[in-house]
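**Student:** For any residue, its number in the working numbering is found by taking its place in the sequence shown, counting from 1, and adding 28. Backbone N, C-alpha and C fix where the C-beta goes; we use that ideal spot for every residue, glycine too. The structure presented is a predicted model; accordingly, all values stated were derived computationally and were not measured.
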Amino acid sequence: MAHQKKIIVIGGSAAGPKAAAKARRLDYHADIVILQKAPDLSMASCGYPYYVGGYFDDRNMLLCTPTGVTRDPLYYLNAKGIEAQTNTEVTAIDRQARTVSCTNLVTEEKQQLEYDKLVIATGAVPKMPPVPGTDLDGVTTLQSMKDADFLRKVRDEGKIKKAVVIGGGLIGIETCEALQLAGIEITVVELLPQLLTFLDWELAKLVENHVRAKSANVITDNGVVQFLGQDGKLTGVKLRNGAELACELAVIAIGVTPNVRLAKEAGLKIGETGGIEVNEYMQTSDEHIYAVGDCVEAFNRITGKKVLAPYGDVANLQGRIAGENAAVGNSVVFPGVIQTGICKVFDYAAGSTGLSETVAKRLGYEDIITVVNASPDKPGFMEGLLLVTKLVADRKTGKILGAQCMGPGNVSKQIAQWAMAIQGGLTVEDIVNSDLPYAPPFSLAIDHFIATAHIMQNKIKGRMKGISITEVKKKLENHEKPFILDVRGPDEYEEMRLGIGESIIPLGALRRRLNELPEDKDREIICFCKISLRGYEAALVLEANGWKNVKVMEGGIMAWPYARDK
Ligand SMILES: Cc1cc2nc3c(=O)[nH]c(=O)nc-3n(C[C@H](O)[C@H](O)[C@H](O)COP(=O)(O)OP(=O)(O)OC[C@H]3O[C@@H](n4cnc5c(N)ncnc54)[C@H](O)[C@@H]3O)c2cc1C
């Protein structure tokens, strides 16, 4: 009888079970074992914030299949022919003998299992700030089912009144929302000058404004230096600037580190990013060992550099690749990531794919061009909602390098489109005539995605001289005196205005009121409206009438992240 292949998978949450299931589909006879340290299997960790926030109440929904079957060891055995051992920690890998040692954390029973192929899917561990007090009662992370259970209990008991979230990244913001929905007064403390660092500052600031509008407090540019407590219980956090915030709960969400301890001890190569080094087959420096998910480093398809991409979708995709290669030999490859992500922020979403302007500049991309577009996702009569997109492209080739989008509209669709454009190596010119699905319930006749490309095309061709809001703000701070022109109607102005010394001439009246513009045709004029579409039309009118230095403030008032007069 042919040798029955022994495949062992370490880690039983996202990437591990995916690898095991794929291997089973391709090799009916293989002996496949999942060794999982946690008590549960296949936890939908991305769903934890929504369980804590009360979007659903049945804990089991985090653990079950779409048809409601819990993914426990019995399920894996019966439905997949996979032996899954929970509460089982792998303590060592012996690469010479091709065995793993493990301990049952409940019975303390130890075993040694042989493998032909091993898949490491040990995930990531939360980073902890190196400050005193992290062991106090009331200080937690939101990384495991246990954490989710704890925070859900906090919600259900309703005793805690004040909480602090340390870290304004994806998990921090989602936790902030969850706790706010639980009726807790919440403050987010972020070390950097902005939340959500996958966004450029001006979009992140718009997100921050929305978080504040939901009565959550945000403190940026400040870090925690100590968790304060009494009788072992958290009573507050002390910040770098000396301020103390009273709270009974603190959730640490300052990012994750690849969990590579086992791999490192086994002598596998660890990359500079701190993740396990793998090739395109998801194979480690040992040909019999694959590694997938949050514990590995990934190849960035845009920059060619190694990065960390701790995302659930990536973990699942990599799991499939390693499962197939472990079962039938190296045959499929994982091409890498472009770092696409999205998160819910109360009534908004914020997402990004590819490079932000900040990251592109940090990596030395010098000749880039950016544009901001603010416009609705659908017609007004279908209750269209605002989207603000910032697009980053290579100036010479027009190739799309990155896009970020935020707002109450359908951000996910926008980011998905841009992600495919980047993966396909598309340019602005490729996108301007995209044939996308259109009907009013779903989009505008020219979808926000295409409209963004149109604005970029106009900018590249020099038809529109865009100026970013941050540049406008800088000019004002430097006491430069551009002529600022708001071309909205007086009613709109009464309702909402910047109050930065702008003159008001509605677009419809502009041709008749050109005498109100500066006599000096070289004077810098900056036009805008609510989203700067009328602002662009106004700029064309002014240019046709001889003004030579006319700019459009990109995104208009809707993309203005600073305080407004009204
Ligand atoms: C609150 C939260 C929200 C998130 N939201 C999103 C989102 O919206 N979108 C998104 O793309 N990603 C999201 N993520 C990230 C996503 O959950 C992870 O990228 C994904 O779970 C990684 O899968 P993994 O299998 O590599 O690791 P994990 O899911 O961390 O699983 C690793 C498993 O390995 C086990 N293990 C570790 N060491 C050992 C050992 N020595 N022996 C045996 N078992 C071991 C652990 O028990 C663990 O269950 C979120 C994460 C969290 C925590």
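#1: Given 8 Å as the limit, is there contact between the region 565–577 and the region 548–555, that is, 3 or more CB pairs closer than that?
#2: Does the beta-carbon of tyrosine 376 have 16 or more other beta-carbons within 10 angstroms, so that it is buried, or is it exposed?
#3: Which first and last residues belong to the beta strand (DSSP E) in which asparagine 401 is found?
#4: Leucine 383 and glycine 430: beta carbons closer than 8 Å?
#5: Examine the Cβ distances between the region 540–553 and the region 568–577 and report whether three or more of them are shorter than 8 Å.
#6: Distance, Cα to Cα, glutamate 394 vs serine 496?
#7: Let me check you understand the geometry: is the CB of asparagine 287 closer than 7 Å to at least one non-hydrogen atom of ligand 1?
#8: Please report how far the alpha carbon of glutamate 308 lies from the alpha carbon of valine 360, in whole angstroms.
#9: Candidates Gly39, Glu142, Ala152: which alpha carbon is nearest valine 284's?
#10: From alanine 241 to lysine 594, what distance separates their C-alpha atoms?
#11: Looking only at C-alpha atoms, which of Leu141, Ile110, Leu105, Thr135 sits nearest to aspartate 122?
#12: Do the CB positions of valine 652 and alanine 354 come within less than 8 Å of each other?
#13: Closest by CA to lysine 187, which one among Thr98, Thr131, Leu179?
#14: Say yes only if the C-beta of leucine 290 is nearer than 7 Å to one or more non-hydrogen atoms of ligand 3, and no if none qualify.
#15: Consider the C-beta atom of threonine 248 and the heavy atoms of ligand 1; say whether any pair is separated by less than 7 Å.
#16: What is the DSSP secondary structure of isoleucine 212, counted as helix, strand or coil?
#17: When you measure from the CB of cysteine 371 to every non-hydrogen atom of ligand 1, does any distance come out below 7 Å?
#18: Closest to glutamate 276 by CA distance: which of Lys190, Ile483, His482, Pro286 is it?
#19: What residues in its chain sit with their C-beta under 8 Å from that of threonine 162, if we drop five residues either side in the sequence?
#20: Would you call the region 314–324 and the region 50–58 touching, i.e. three or more CB-CB distances under 8 Å?
#21: Taking only the alpha-carbon atoms, compute the straight-line gap between alanine 112 and valine 61 and give it to the nearest angstrom.
#22: Spell out the partners DSSP gives lysine 266 in its beta bridges.
#23: Checking the sheet assignment: what are the DSSP bridge partners for proline 286?
#24: Here's the rule: buried if 16 or more other CB atoms are within 10 angstroms of the residue's CB, otherwise exposed. What is glutamate 243?
#25: Contact check, glutamate 202 vs proline 101 under 8 Å by CB: the rounded distance?
#26: Looking at serine 313 and ligand 1, is the gap between the Cβ and the nearest heavy atom below 7 Å?
#27: Using a Cβ-Cβ cutoff of less than 6 Å, which residues in the same chain neighbour leucine 219 once the five nearest sequence positions on both sides are dropped?
#28: Would you mind working out which of Gln451, Gln222, Arg183 sits nearest leucine 209, comparing C-alpha positions?
#29: In this structure, does DSSP put tyrosine 79 in helix, strand or coil?
#30: Take cysteine 204 as the anchor and find which of Cys371, Gln346, Val265, Cys433 has the nearest alpha-carbon.
#31: Can you check which of these residues, Ile488, Ala537, Phe374, is closest to glycine 81 by C-alpha distance?
#32: Let me make sure I understand the geometry here. Which of Lys233, Gln258, Gly257, Val253 has the alpha-carbon closest to that of valine 246?
#33: To the nearest angstrom, report how far apart alanine 49 and glutamate 117 are at their CA atoms.
#34: Which of the three DSSP states is assigned to lysine 108 in this structure?
#35: Taking only heavy atoms of ligand 1 into account, decide whether any of them is closer than 7 Å to the Cβ of tyrosine 564.
#36: Distance check for threonine 368 and valine 456, CA to CA, integer angstroms please.
**Tutor:** Quick look at the numbers:
#1: yes
#2: buried
#3: 396–404
#4: yes
#5: yes
#6: 17 Å
#7: yes
#8: 8 Å
#9: Ala152
#10: 15 Å
#11: Leu141
#12: This structure cannot speak to residue 652, because the chain is shown only from 29 to 594.
#13: Leu179
#14: Because ligand 3 does not appear in the structure shown, any question about it cannot be addressed here, the ligands present being ligand 1.
#15: no
#16: coil
#17: yes
#18: Lys190
#19: Met156, Phe255, Ile280
#20: no
#21: 6 Å
#22: Gln254, Glu272
#23: Ala152
#24: The sequence as given places serine at residue 243; glutamate does not occur at that position. Exposed, since its Cβ has fewer than 16 Cβ neighbours within 10 Å.
#25: In fact, because the Cβ distance is near 30 Å, the residues do not count as touching under 8 Å.
#26: no
#27: Gly251
#28: Arg183
#29: helix
#30: Cys371
#31: Phe374
#32: Lys233
#33: 20 Å
#34: helix
#35: no
#36: 19 Å
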